[in-house]
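*Asks:* What follows is a single structure, and I will ask about it in a moment.
Chains as they are written, first to last, in my numbering: chain R, 1 to 431; chain X, 1 to 431.
In structure tokens, the structure reads:
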């Protein structure tokens, strides 16, 4: 008997196959019994007719509970009414292992309980759907850059240099070299790589030991950071538009069923095409003030400000040219207004907040050194980074996209803790 | 003037373009001058005729040194003798930034010096070639699994659970939860994900605080770890054969020029197709003993043993069924010889040693618990992992491929420290 996966049944119509998987639900009329089965690639209904199957098969059906591991044999039939388009007329059933008293039942469970059982909760329809969308987004990210001749460069996690001054760092002892810190960004390193390879990106886990408990924060999250030689800030925003539009389109193309499972309003995603609206930080402050906010020019935007700014926008919104003081030392001074820098944040629609931070980088050695000193950082930690401005310095720009926030937006789920298989939060390190 | 990248010139033949990049070399006869330029996507020769270009362009040429940042304008010509197939008849030259006294000159430098200047050394032809092959391999890994309906699952780096008992761990303080450890593997987590998604893989950095200084060890390296529900050990090895053959083929297809730059004997890579030879551990011991080794049954294989076993093999070699005592607790007992487990290592040809470790996993709850206890581990750290055997346990297998060792083998370079942009070794955390 040919083994098959549920997502491959189009090639097996009319043929007999065996599918291994787990029991989702069962129901029986006494004469006909229905088994919904999952194998990780999809869901399938198998139909057992008491008169047609051997008695031991019918009896085996009666022992099935949620998560029983089974191998079901039967004939594949087209069935337009079923979600996957196929059904199985079952002829055989082998129980491979008992489901036990599976803790995650169809009833409601508390958040705490579900995260304690995250290793089992992952099997539920909603979590499977989120995982599929996350996969499609990640593969889309790699494909986008590969198609455009970017070179993937892995930047170090263990580092002595620190990219962002903000937030707190996880530290570990490193042999005889003192402390190493877990990277908050790979940006400084991809800047070095951009001088070698032109268009590069890193994609890895990043770490923030911040005591943030919001629905937008994890202590460990994945970030993709492209960096492009000879791109200025404007070209950088155009790349961001193309990039975000590409991955949204990819999710729509590849994840019709998962997005339906998640009850995502996909019409809102269909509108995500370039160009995206742009507003300067100064205009954004004026707009917030006009709406009654008491925010002052010079303050960073908070989550509520971001929501207020982006609430009327169908598309992601670029907010450009923030004050120098609230942004990192490596951002290039704006020649048109030296109080500000050539940067942009990108705010997702529907209140999902900042999903991208990007900037043109300071490429002038002396200005960069001044900024390092002005921000109270030790220049000796940045010798190699300053070298990039000594030898063939170059206009360059890049950005960082937070994967979990992007998955939350595209799937339409409220809290990013469900967008990764095993989230790390300040009170959560298990499982 | 249209901006262009060097790898896109086939679309610009006969047209004028401007290319931004860095000076590799210059030479001049006094009437004709040649500039080899790189932009990260490739190398290009631009030809300046003194009589044809404005005097300021000719004079600017005279100021160029290695790593000067330039924008060169000219007409694209086909030139079959040049590596990329094109040349530029230059009409303009703008110096964007000086190259300075670039530390990495064409002369020989010591290893220590080069790694201290790794951020600049990355720009050299050999390092660019290695980076391109690494990129092709990584994209190939994602494509292989995506094409086969695997779901990419990111497993946590910060963890309380420990996959391998061997080696030492990097630790960090984690808020009020005590110590967190940097993951040595994502395997235990992908096992949980395989029960949800069937075919999964993780791909991330892994950490070993071992004091190993060999040419095969880094403290931080990237590993891809697929895990497949309902695959037994034999299917696991077939997947490994297909996978390795796919990424070798991808490198050959996409990296002709980089492999040539690295002087790789690609004929040796052309032979990498399934099936791969297999030998049991017991037969391997007998073979080593017959060749004069004093190794005893029950000892793990060392690097020299691996080299001796694989030296005559054109293809990667599977060594199967190691003694239980030298392998991790999660490997399934071999029913045909319970002293051994259903595992395999995969040894690369040409003396590159182990690049894959794989196994069928113990799916029996009580046997797994016994093994955890027998190896002196604390079962309370594995509650969630044992749960996978309580609720719908299932036959499953997987493996881990070390990316850096694979890149070393495919590029044919002797030491893995050059296979990653910023290697981490016990004495190296900078740049």
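All C-beta atoms, glycine included, are put in the ideal place defined by N, C-alpha and C.
1) Report the three-state DSSP secondary structure of residue 204 (chain X) (helix, strand or coil).
2) On the CB-based measure, 16 or more other CB atoms within 10 Å of its CB, does residue 27 (chain X) come out buried or exposed?
3) Residue 266 (chain X) to residue 401 (chain X), Cα distance in whole Å?
4) Quick one: grab the DSSP three-state call for residue 25 (chain R).
5) Mind pulling the chain X residues with CB within less than 8 Å of residue 172 (chain R)?
6) Taking Cβ-Cβ distances below 7 Å as the criterion, which residues of the stretch 396-409 of chain R are in contact with chain X?
7) Quick check on residue 237 (chain X): does DSSP put it in helix, strand or coil?
8) If you reduce the DSSP assignment to three classes, tell me which class residue 365 (chain X) lands in.
9) How many angstroms separate the CA atom of residue 175 (chain X) from the CA atom of residue 214 (chain R)?
10) Specify, as a first and last residue, the run of the beta strand (DSSP E) that residue 225 (chain X) falls within.
11) For residue 32 (chain R), is the classification buried or exposed, using 16 other Cβ atoms within 10 angstroms of its Cβ as the cut-off for buried?
12) Would you say residue 192 (chain X) lies against chain R (beta-carbon separation less than 7 Å)?
13) Could I get the ranges of all uninterrupted beta strand (DSSP E) runs contained in the stretch 238-301 of chain R, with 3 residues as the minimum, in chain order?
14) Beta carbon of residue 412 (chain R), beta carbon of residue 250 (chain R): below 7 Å?
15) Report yes or no: is there a C-beta of chain R within less than 7 Å of the C-beta of residue 153 (chain X)?
16) So if I threshold CB-CB distances at 7 Å, which residues from the stretch 39-72 of chain X count as touching chain R?
17) Which whole-angstrom value is the C-beta distance of residue 316 (chain X) and residue 244 (chain X), which I expect to be below 8 Å?
18) Once you ignore the five residues that flank residue 430 (chain X) on each side, which residues in its own chain have a CB closer than 8 Å to its CB?
19) Can you confirm whether residue 187 (chain X), when its beta carbon is compared against all beta carbons of chain R, has any partner nearer than 7 Å?
20) Nearest by alpha-carbon distance to residue 319 (chain R): which of R:120, R:355, R:330 is it?
21) Comparing alpha-carbon positions, which option in R:366, R:217, R:379, R:192 lies nearest residue 405 (chain R)?
22) Please determine if the stretch 70-84 of chain X and the stretch 37-47 of chain X are in contact, where contact requires at least 3 C-beta pairs separated by less than 8 Å.
23) Counting only C-beta atoms, is residue 411 (chain R) closer than 7 Å to chain X at any point?
24) Answer yes or no: does any C-beta atom of chain X fall closer than 7 Å to that of residue 390 (chain R)?
25) What would DSSP say about residue 166 (chain R), mapped onto helix, strand or coil?
26) Which same chain residues, not among the five before or five after residue 114 (chain X), have their C-beta less than 6 Å away from its C-beta?
27) Between X:279, X:185, X:228, X:330, which has its C-alpha nearest residue 377 (chain X)'s C-alpha?
28) Does the beta carbon of residue 99 (chain R) come closer than 7 Å to any beta carbon on chain X?
29) Can you check whether the C-beta of residue 205 (chain R) is within less than 7 Å of a C-beta belonging to chain X?
30) Strictly under 7 Å for the Cβ-Cβ distance: is residue 294 (chain X) near chain R by that measure?
31) According to the neighbour-count rule (16 or more other Cβ atoms, all chains shown, within 10 Å of its Cβ), is residue 271 (chain X) buried or exposed?
32) For a cutoff of 7 Å on Cβ pairs, would you count residue 10 (chain X) as touching chain R?
33) Is any beta-carbon of chain X found at less than 7 Å from that of residue 147 (chain R)?
34) Could you tell me if residue 233 (chain X) is buried or exposed, where buried requires 16 or more neighbouring beta carbons within 10 angstroms of its beta carbon?
35) Taking only beta-carbon positions, decide if residue 238 (chain R) is within less than 7 Å of chain X.
36) What do you get for residue 387 (chain R), buried or exposed, if any count of 16 or more other CB atoms within 10 angstroms of its CB means buried?
*Replies:* So, from the data block:
1) If DSSP states are grouped into helix, strand and coil, residue 204 (chain X) belongs with the strands.
2) Exposed is the label assigned to residue 27 (chain X), since fewer than 16 other Cβ atoms lie within 10 Å of its Cβ.
3) C-alpha separation (whole angstroms): 21 Å.
4) Residue 25 (chain R) carries a strand assignment under DSSP once its states are collapsed to helix, strand and coil.
5) Simply 170, 171, 172, 182.
6) Residues passing the 7 Å Cβ filter: none.
7) Three-state result, residue 237 (chain X): helix.
8) Helix.
9) Distance between the alpha carbons of residue 175 (chain X) and residue 214 (chain R): 16 Å.
10) That run of the beta strand (DSSP E) goes 220-229.
11) That one is exposed.
12) Yes, contact with chain R.
13) As for any beta strand (DSSP E) of minimum length 3 sitting wholly inside the stretch 238-301 of chain R, the runs are 278-280, ordered along the chain.
14) Cβ distance not < 7 Å, so residue 412 (chain R) and residue 250 (chain R) don't count as in contact.
15) By this cut-off, residue 153 (chain X) is an interface position.
16) From the stretch 39-72 of chain X, only 39, 40, 41, 67, 68, 69 have a Cβ closer than 7 Å to chain R.
17) Confirmed, Cβ separation roughly 6 Å.
18) When the five nearest sequence neighbours on each side are left out, the beta carbons in the same chain lying within less than 8 Å of the beta carbon of residue 430 (chain X) are those of 116, in order along the chain.
19) Judged by the 7 Å Cβ criterion, residue 187 (chain X) is not in contact with chain R.
20) If we check each option's Cα against that of residue 319 (chain R), R:355 comes out closest.
21) That would be R:217, whose Cα lies nearest to the Cα of residue 405 (chain R).
22) In short, these stretches touch, since the Cβ pair count reaches three.
23) By this cut-off, residue 411 (chain R) is not an interface position.
24) Output row for residue 390 (chain R): interface = yes.
25) Low local confidence applies: a pLDDT of 44 at residue 166 (chain R) is under 50, so the model's placement there is unreliable, and no value is given.
26) Correct list, in chain order: 121.
27) Considering only alpha carbons, the answer is X:330.
28) Judged by the 7 Å Cβ criterion, residue 99 (chain R) is in contact with chain X.
29) At least one CB of chain X lies nearer than 7 Å to the CB of residue 205 (chain R).
30) So, not an interface residue.
31) Residue 271 (chain X) is exposed by the Cβ-count criterion.
32) It does not: the Cβ of residue 10 (chain X) has no partner Cβ on chain R nearer than 7 Å.
33) No, residue 147 (chain R) lies away from the interface with chain X (no Cβ there is under 7 Å from its Cβ).
34) The residue is buried, with at least 16 neighbouring Cβ atoms inside 10 Å.
35) By this cut-off, residue 238 (chain R) is not an interface position.
36) With 16 or more other CB atoms across the displayed protein chains lying within 10 angstroms of its CB, residue 387 (chain R) is buried.
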